[in-house]
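Residue numbering for the sequence shown is 8 to 605, as defined by our numbering.
Built from N, CA and C at the ideal position, the CB exists for glycine as well.
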Amino acid sequence: MQLSRLLFFTALVATPLALLGTAWLFLYPLFNRACNFPEPPTGVAPFRLLALGDPQLEGDSSLPKPGAPIFPSLQYLVNDTRNAGSWPRRWYFVKEAGRKVPKDLLRYLEGHRKRIDLWGNDYYLGHIVRTLRWWTQPSHVAVLGDLLGSQWIKDEEFEKRTRRYWDIVMSGMEKVPESVMLGEGAEGEKRWGGTLEVLGNDKTWGNRVINIAGNHDIGYAGDIDEKRIERFERAFGRVNWDIVFTLPDEYRNASRTDAGATDRENSPVYMEDPPALRLVILNSMNLDTPAYVDSLQRESYEFMNHVISTSRSVNDKTHATILLTHIPFYKEAGICVDSPLFTFFEGGSGVKEQNMLSDYASKIMLEGIFGLSSSNEADGKGFGRRGIVLNGHDHEGCDVLHYITQSGVESQCPEDINVADIHMPEVISNASDLVSTANGTEETDAANSTIPEAEPPSEPEPPKWQALRFPPLPYKTTQGGECVALDSIPRIREITVRSMMGDFAGYAGFLSAWFDPALGEKGEWKLEFSTCGMGTQHWWWAVYVTDLILVVAIFGAVVARCVEGMSSDVEGSTRSRRRVPGPREKALRVAVQKKSVS
8 MQLSRLLFFT ALVATPLALL GTAWLFLYPL FNRACNFPEP PTGVAPFRLL ALGDPQLEGD
68 SSLPKPGAPI FPSLQYLVND TRNAGSWPRR WYFVKEAGRK VPKDLLRYLE GHRKRIDLWG
128 NDYYLGHIVR TLRWWTQPSH VAVLGDLLGS QWIKDEEFEK RTRRYWDIVM SGMEKVPESV
188 MLGEGAEGEK RWGGTLEVLG NDKTWGNRVI NIAGNHDIGY AGDIDEKRIE RFERAFGRVN
248 WDIVFTLPDE YRNASRTDAG ATDRENSPVY MEDPPALRLV ILNSMNLDTP AYVDSLQRES
308 YEFMNHVIST SRSVNDKTHA TILLTHIPFY KEAGICVDSP LFTFFEGGSG VKEQNMLSDY
368 ASKIMLEGIF GLSSSNEADG KGFGRRGIVL NGHDHEGCDV LHYITQSGVE SQCPEDINVA
428 DIHMPEVISN ASDLVSTANG TEETDAANST IPEAEPPSEP EPPKWQALRF PPLPYKTTQG
488 GECVALDSIP RIREITVRSM MGDFAGYAGF LSAWFDPALG EKGEWKLEFS TCGMGTQHWW
548 WAVYVTDLIL VVAIFGAVVA RCVEGMSSDV EGSTRSRRRV PGPREKALRV AVQKKSVS
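If you want it as structure tokens, here you go:
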């Protein structure tokens with residue numbers, strides 16, 4: 008078979024695969040309804056946040072060291088054999104080197120494969136960002152920490168990964184300007200932001216990236232220092248800041264018209280305090296102790312105090328808070344993929360690693376930033392501010408509802424509900440409560456021989472924060488067997504966005520926020536979330552490799568066909584010049600020769 012025909016056949020087979028694969032790669036949000044922002048009943052949500060988690064750009068730490076020998080097993084072979092002293096020893100060195108050469112070759116090839124993999128990973132992540140921005144038209148974009156793959160890298164490598172992040176992954180985008188993150192304030196006063204903008208007036212927000220600091224960017228509490236904070240803020244933006252967006256007049260007017268405007272909504276109070284949405288970007292990496300640099304930890308807590316002190320009253324439901332941070336809140340084991348984990352540097356000098364915040368730090372944010380409370384006598388009856396929490400860190404992702412019961416509040420469960428049909432929380436035993444079978448008999452005898460004294464009734468424990476997967480059942484039972492209606496107790500939703508890395512199928516989150524004047528007394532914000540993934544990086548590679556095969560096959564087939572045509576023309580002309588004489592020509596030549604002889 009001619010080479011051109013083989014290549015044309017290859018192109019014919021690859022064409023439908025390439026067309027289908029390429030169409031899917033660039034249109035995948037069209038085929039998945041979850042790859043879009045939830046929409047209000049009418050129109051488009053004014054606030055649409057594209058949330059991306061943990062891209063973790065790797066670099067030289069996963070590549071062979073520059074200048075390292077390709078075959079280290081042969082590096083000292085000449086000197087070893089020269090100084091061996093005997094032929095058996097020389098032969099031993101040669102055999103050992105020969106045995107290690109294949110491993111060196113595989114390591115060398117793996118280094119080049121990893122280099123290509125890093126190059127492809129950057130464009131895979133960039134493709135997700137560009138495609139989703141093009142299809143969904145977000146009003147804001149945020150990356151929820153771990154922009155880079157290691158906090159231990161040197162400044163030179165940090166700059167290289169920063170350029171890759173902005174030039175490839177976030178091509179055409181920029182960080183939030185310093186003037187927005189700092190806001191206005193008096194000379195010498197600590198400024199955290201607090202900028203006030205009308206939502207949608209500044210169209211450049213669609214080209215900005217809100218970057219949140221993660222452990223692979225600046226470290227955990229036990230190794231964060233001023234230098235890491237400074238280089239992160241120089242490249243990606245402040246680690247602690249906030250901004251308030253007020254609802255545009257057209258949305259307010261349309262909302263009042265749709266809901267039927269009342270005198271209360273047109274009152275001066277309503278007009279002076281328009282519905283507002285607050286974005287809080289918080290560095291949660293050093294909220295737990297011990298911290299390596301106490302002053303940096305104090306800054307994070309001072310920023311939280313700023314957020315709390317400048318927030319509207321918890322009684323004002325026209326205000327909502329969106330908290331963007333990296334480390335998830337505390338949850339019991341089994342609710343999400345990651346379980347509570349804390350490790351510390353030797354000597355207790357600081358937090359070395361953690362999967363979640365401590366229950367103490369989580370409680371501070373739930374009750375401080377959002378104003379939630381277990382007391383029904385607190386402002387707003389303990390229901391706090393409207394809001395939602397978005398974070399990363401757990402690459403598998405998780406969607407939970409945090410809630411707390413209120414003592415002395417009458418249950419809102421229906422009277423005819425069967426408590427036995429409601430999910431009962433699992434009882435987690437302490438290690439000290441477990442009894443080994445080997446000592447079971449002895450402990451039973453000891454218990455029978457000792458009659459315990461009656462203990463006075465203890466006071467009931469105060470309510471604690473709990474979490475369960477979202478969406479939950481409408482009712483929940485406590486350990487005491489009491490029924491609780493989840494919509495009648497303080498609660499807030501926390502979403503850990505699944506990682507956008509290829510191994511986790513390139514996920515992204517879509518958060519929509521719109522103001523519904525029909526809710527509550529003056530209206531409330533509705534916050535809805537959706538998420539989807541593109542697929543693992545292998546699909547991205549498969550599509551582009553198929554496209555490459557198609558292009559090479561078509562180009563090669565055309566070139567081969569031209570070469571084959573030229574070869575056939577040359578061969579034809581050669582044959583015409585060197586044509587073999589036929590039988591009649593041979594007979595005529597013989598006759599002429601005989602006649603000339605005679």
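Asked	Found
Range covered by the beta strand (DSSP E) that runs through N218	215-218
Alpha-carbon to alpha-carbon, K324 and S318	12 Å
C-alpha distance - D494 paired with A25, whole-angstrom precision	50 Å
6 Å CB neighbourhood of W142 in its chain, flanking five on each side removed	P36
I77 classed as buried or exposed, judged by whether at least 16 other C-beta atoms fall within 10 angstroms	exposed
K72 versus G118 - alpha carbon distance	10 Å
Alpha helix (DSSP H) segment containing N222, residue limits	222-225
Contact belief for R140 with L57 at Cβ below 8 Å, rounded distance in angstroms	7 Å
Option nearest N322 by Cα separation, candidates R12, V566, R392, W248	R392
Local Cβ density within 10 Å of P23, reported as buried at 16 or more and exposed below that	exposed
Extent of the continuous alpha helix (DSSP H) run through Y6	Any property of residue 6 remains undetermined from this structure, which presents the chain solely from 8 to 605.
Extent of the continuous beta strand (DSSP E) to which F15 belongs	Where F15 is concerned, there is no enclosing beta strand (DSSP E), although the alpha helix (DSSP H) it sits in stretches over 10-38.
Nearest neighbour of V216, chosen from S302, M180, D366, E531 [CA to CA]	M180
contact_flag[the region 141-159, the region 54-68] where n(CB pairs < 8 Å) is 3 or more	yes
Beta-carbon gap between L294 and I371 smaller than 9 Å	yes
N39 classed as buried or exposed, judged by whether at least 16 other C-beta atoms fall within 10 angstroms	exposed
S537 beta carbon less than 9 Å from that of A6	For the chain, the structure presents residues 8 to 605; residue 6 sits outside this window and is missing.
Separation of I135 from N214, as counted between CA atoms	15 Å
Range covered by the alpha helix (DSSP H) that runs through R171	162-171
9 Å Cβ cutoff met for T350 and F243	no
Distance, L32 Cα to V550 Cα	8 Å
Buried or exposed by the 16-neighbour rule on C-beta atoms within 10 Å, applied to A515	buried
Sheet register partners of D406 (DSSP bridge)	I502
Status (buried if at least 16 other CB within 10 Å, exposed otherwise) for T503	buried
C-beta atoms of K606 and A520 nearer than 9 Å	This structure cannot speak to residue 606, because the chain is shown only from 8 to 605.
Residues bridged to R285 [DSSP beta-bridge criterion]	V251, T328
Distance, R238 Cα to L330 Cα	23 Å
V314 - containing alpha helix (DSSP H), residue span	301-316
Beta-carbon spacing of N398, G389 below 9 Å	no
Nearest candidate by alpha-carbon position, reference S11, set I561, P590, H545, H409	I561
Cα-Cα separation between F522 and F16, rounded to whole angstroms	58 Å
Residue(s) in a DSSP beta bridge with K483	V491
Contact belief for T328 with G394 at Cβ below 8 Å, rounded distance in angstroms	4 Å
Contact belief for L64 with L155 at Cβ below 8 Å, rounded distance in angstroms	5 Å
Beta-carbon separation (whole angstroms), S381 vs I334, contact threshold 8 Å	So it is not a contact: roughly 23 Å between Cβ atoms.
Continuous alpha helix (DSSP H) stretch holding Y367: start and end	366-371
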